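Participant: Residues in the sequence shown are numbered consecutively from 3, following the numbering used here.
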Amino acid sequence: MIRWIFIGLLLSGVVQAQNIQMDLNREIENQFQKSYYWMSRNVHPEDSAPGAIVASPSRKNPEYYYHWVRDAAIVFDSLMDLYQLADNETQKQQFRRFFVNHLNLNQNLQMVPTLGGLGEPKFYPDGSAFNGPWGRPQNDGPGFRASTLIRLFSFVHNENWSNGKEIKTLIYDGENPTKSVAKKDLDYVAKTWTAPNFDLWEEVNGFHFYTLMVQRKALQLGVRLAKFANDDEAARVYQSELIRMNQVVGSFWDNRQGFIRATLFPRSSKLKREKSQLDSAVILALLHSDLSDSVIHLADDRVLSTFAVLHKTFSRIYPVNQKEQLGVAFGRYPEDTYDGYNTNSIGNPWVLTTAGAAEYMYRLIEFWASLNEVRVSAYNEAFFKDVLGIEGASNGQVWRRGSNEFKILMQKLILSGDKFMMRVLYHKNPDGSLSEQINRNSGFMQGAANLTWSYAAFMTAKLHRDRAYRILGGGLK
Ligand code: NOJ
Ligand code: NOJ
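See below:
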């Protein structure tokens, strides 16, 4: 731990900085391997259906031993990242087998009668319906699942998988009515996206930014796939819903408070209705939708501003953030009362949101390194000043690619991303296992042990870190 105290020297003493850098690289690589190890144990555990992914092995206090549609999609996506990086054929084959099982399982899940229809949030690991009381439907699930399966479609197609035709038809058949998994989800999204439903935290019924962004990505990919499959009617419907979606994205922006609101028209309990609507879900929405379009993108002023407000708020409310000179541990939202076991308690920082903050920094590098300049505005000024510590940043200033200032900006982003990673490393269990939360006072892991999503979040952040380093190592022209 001691060496992290020297992190402030990163940009000064070069030799020392390089040593710290190497230590950190090693620790991150190490945690990446361990995350993979722990995550794998939650991918089709023994008593589950082939293709299932459990949210955590914890069967009680809290009860997380379920195949959660959202968590599964996030983890499936990171498994596809790993598949792309895998260099031995046996391993690739194992991945492929799992992917097909996962597709088949989802076909079954769509047909099991549930209380929430296609928006049913979770199933028993054997694929049977959970019919207890729960916040349902949660409509980010079908959108997310469709996007991951469309990505799988592209692998199958581009790599010419042996049973490719069958797999592709199971993902998207272009028929009406359809028997295929992604098309069912896409049709559901196109039909229901304006209907109130529960948010990704499973607490608030309303109309959510996170859900909308994930659904938008699904329809964007859906339009392309429908055209490819000569399903013109579907392409037309998805496209027209997309245009309507694009028109409402802006209404989440709260100009007075300077952040994008998590939910519009919340219908749940008074407490949740009165929350500020400041929420890390907004940052996750950008990470999980990956849309660099003109409607909204990663480095949009409104998103940078939201990040700055979250950063300031979490650094103030969690005592752990006042102790070490590491990146700020991020929670879900400031008024959170879920401590990982009980709902009427007091909330904590979470691993997946803190790793998400790291990933956000690395992805800003990827995004900005492809532009000619970065411009400071009244909205994003706080991000540069308070989050990155560029004190002189002022409205109207422009950093041009190739300039020294631009390079410093990139270094600050890397440093800031790395500090978030150190935050996670600092609080992990000694065996590299990660739970859902970080106790706000003691810093110990808390809530569902071995949360699969925590590992996926760390691993994707690390993969984006590698890319960011490659971009900067290659030098900015
Ligand atoms: C577990 C999680 O869904 C969490 O978001 C929620 O607050 C509690 N259950 C209570 O429903
Ligand atoms: C609670 C979280 O709020 C929710 O997003 C997640 O799906 C479940 N836990 C399972 O990990």
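Positions of the beta carbon are idealized from the N, C-alpha and C atoms, including for glycine. Please read these numbers as outputs of a predicted model, since none were measured by experiment.
Below 8 angstroms, how does it come out for the stretch 322 to 331 and the stretch 349 to 366: are there three or more Cβ pairs, yes or no?
Facilitator: Yes, the stretch 322 to 331 touches the stretch 349 to 366.
Participant: Within 10 Å of its beta-carbon, does E205 have 16 or more other beta-carbons around it, so buried, or fewer, so exposed?
Facilitator: Answer is buried; the Cβ neighbour count reaches 16.
Participant: Check L415 in the structure and name its three-state DSSP category.
Facilitator: Looking at L415 - three-state DSSP - the assignment turns out to be helix.
Participant: Looking at ligand 2, does it come within less than 8 angstroms of A54, judged from the CB to the closest heavy atom?
Facilitator: Incorrect: A54 has no Cβ contact closer than 8 angstroms to ligand 2.
Participant: From I22 to N248, what does the alpha carbon distance come to, in whole angstroms?
Facilitator: Cα to Cα, I22 sits roughly 45 angstroms from N248.
Participant: Am I right that K124 and Y68 are in contact with their C-beta atoms under 8 angstroms? What's the rounded C-beta distance?
Facilitator: So it is a contact: roughly 4 angstroms between Cβ atoms.
Participant: Does any heavy atom of ligand 2 sit closer than 8 angstroms to the C-beta of A458?
Facilitator: No, Cβ of A458 sits at least 8 angstroms from all heavy atoms of ligand 2.
Participant: Please determine whether the Cβ atom of S307 lies at a distance below 8 angstroms from any heavy atom of ligand 2.
Facilitator: Incorrect: S307 has no Cβ contact closer than 8 angstroms to ligand 2.
Participant: Excluding the 5 residues flanking V158 on each side, which residues of the same chain have their C-beta closer than 6 angstroms to its C-beta?
Facilitator: Closer than 6 angstroms at Cβ, skipping near neighbours: G166, I169, K170.
Participant: Kindly indicate which residue of N207, V191, A192 has the alpha-carbon position closest to the one of P198.
Facilitator: Nearest C-alpha to P198: N207.
Participant: I want to know whether the stretch 254 to 262 touches the stretch 228 to 236 - three or more CB-CB distances under 8 angstroms.
Facilitator: No, the stretch 254 to 262 is not in contact with the stretch 228 to 236.
Participant: What did DSSP end up calling F261 once you bin it into helix, strand or coil?
Facilitator: In the structure shown, F261 sits in a strand (DSSP, three-state: E or B).
Participant: Going by beta-carbon coordinates alone, are V378 and W352 separated by less than 9 angstroms?
Facilitator: No, these two residues do not count as a Cβ contact at 9 angstroms.
Participant: What are the boundary residues of the beta strand (DSSP E) that includes R472?
Facilitator: Run containing R472: none in the beta strand (DSSP E); it sits in the alpha helix (DSSP H), 454 to 475.
Participant: Hey, how far is the Cα of F97 from the Cα of V45?
Facilitator: Rounded to whole angstroms, F97 to V45 spans 11 angstroms at the Cα level.
Participant: Which residue spans inside the stretch 313 to 398 form an unbroken beta strand (DSSP E) run of at least 3?
Facilitator: Whole beta strand (DSSP E) segments, 3+ residues: 375 to 377.
Participant: Tell me whether the beta-carbon of M412 lies closer than 9 angstroms to the beta-carbon of I367.
Facilitator: Contact flag set, yes.
Participant: What do you reckon, are the CB atoms on S278 and A384 nearer than 9 angstroms?
Facilitator: Going by C-beta atoms, S278 is not nearer than 9 angstroms to A384.
Participant: Between which residues of its own chain and L474 is the CB-CB distance below 6 angstroms, once the five residues before and five after are set aside?
Facilitator: Answer for L474: M412, listed in chain order.
Participant: For R5 and K414, I'd like the C-alpha separation in whole angstroms.
Facilitator: Per-residue confidence for R5 stands at a pLDDT of 44, beneath the threshold of 50, marking its modelled position as unreliable; the derived number appears in the next sentence. Straight-line Cα distance between these residues: approximately 19 angstroms.
Participant: Under 8 angstroms: do the stretch 145 to 157 and the stretch 69 to 89 share three or more Cβ pairs, one atom per stretch?
Facilitator: Yes, the stretch 145 to 157 is in contact with the stretch 69 to 89.
Participant: Let me know the secondary structure DSSP gives G208 once reduced to three states.
Facilitator: The answer is strand: DSSP assigns G208 an E or B state.
Participant: Which whole-angstrom value is the C-beta distance of G119 and V71, which I expect to be below 8 angstroms?
Facilitator: Actually they are not in contact, since the Cβ atoms of G119 and V71 sit about 12 angstroms apart, beyond 8 angstroms.
Participant: L286 and T315 - do their beta-carbons sit closer together than 9 angstroms?
Facilitator: No. Outside cutoff.
Participant: Within this structure, are the beta carbons of S418 and W40 separated by less than 9 angstroms?
Facilitator: The answer is no: Cβ separation not under 9 angstroms.
Participant: With hydrogens ignored, establish whether the beta-carbon of Y66 is closer than 8 angstroms to any heavy atom of ligand 2.
Facilitator: Yes, ligand 2 has a heavy atom inside 8 angstroms of this Cβ.
Participant: Report yes if the C-beta distance between Y38 and Y457 is below 9 angstroms; otherwise report no.
Facilitator: Their beta carbons are under 9 angstroms apart, which means Y38 touches Y457 by this criterion.
Participant: Would you kindly report the start and end of the unbroken alpha helix (DSSP H) that includes R153?
Facilitator: R153 -> alpha helix (DSSP H) spans 142 to 160.
Participant: Which residue wins for smallest C-alpha separation from K185, given the options V216, R365, G224?
Facilitator: Nearest of V216, R365, G224 to K185, Cα basis: G224.
Participant: With DSSP run on the structure shown, which of helix, strand or coil describes N441?
Facilitator: Looking at N441 - three-state DSSP - the assignment turns out to be coil, as it is neither helix nor strand.
Participant: What separation, rounded to the nearest whole angstrom, lies between the Cα atoms of G445 and I348?
Facilitator: Using only the alpha carbons, I get a separation of about 14 angstroms.
Participant: Quick check on the burial criterion: 16 or more other C-beta atoms within 10 angstroms. Buried or exposed for P268?
Facilitator: With 16 or more Cβ atoms within 10 Å of its Cβ, P268 is classed as buried.
Participant: My guess is that V216 and S291 are in contact by the Cβ rule of under 8 angstroms, so how many angstroms apart are they, rounded?
Facilitator: Contact holds; Cβ gap of about 6 angstroms.
Participant: Which runs of the beta strand (DSSP E) spanning at least 3 residues fall entirely within the stretch 35 to 59, listed in chain order?
Facilitator: List check, beta strand (DSSP E) in window: nothing returned.
Participant: Out of curiosity, what's the CA-to-CA distance linking H299 and Q140?
Facilitator: Going by the C-alpha atoms only, they are around 24 angstroms apart.
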